[in-house]
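Asker: Structure below; questions to follow.
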Amino acid sequence: MDCIRCENPIPAARMEALPETELCIGCSAAVGSDFVLSTRLVRTNKEGSMKVNYGGVEVKLVRRKIVPLRFGGK
Ligand SMILES: [Zn+2]
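Going by our numbering, 111 is the number at position 68 of the sequence shown; the sequence numbering is gapless.
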C-alpha cells in the first residue's frame, strides 16, 4: 500500500509492525503520527441528581487528517 501523503510505497516491514498505518516513515515523522489522542469531558451524573459527581474523561484514538502533499499538505 502507498503512503496517503507522499504516495510512496510503505515498506512491508512497517505495514507488518503497524497494519493500521497509512503513512510512510518519513511522513509519520513529519506530521506526528497517524493517530492523535482526543479527550472529551463527559458527565456521568443523571439529570437532577443531587449526588456530587466529578464526571469523567473519554479518551479516543482518532485518525489524524492527512492532506496529501500534492493537494498542498505539509
Ligand atoms: Zn509518505
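The C-beta atom is built at its ideal place from N, Cα and C for all residues, glycine as well.
Take the Cβ of L66 as the centre, count every other Cβ of all protein chains shown within 10 Å, and call the residue buried at 16 or more, exposed below.
Answerer: buried
Asker: Taking 7 Å as the cut-off, is the beta-carbon of G69 closer than that to any non-hydrogen atom of ligand 1?
Answerer: yes
Asker: Which residues share a DSSP beta bridge with E101?
Answerer: R83
Asker: Are there 16 or more other CB atoms within 10 angstroms of the CB of R86, so buried, or fewer, so exposed?
Answerer: Exposed, since its Cβ has fewer than 16 Cβ neighbours within 10 Å.
Asker: Between which two residues does the alpha helix (DSSP H) containing S71 stretch?
Answerer: I68 to V74
Asker: Does ligand 1 have a heavy atom nearer than 7 Å to the CB of R107?
Answerer: Outside the cutoff, so no.
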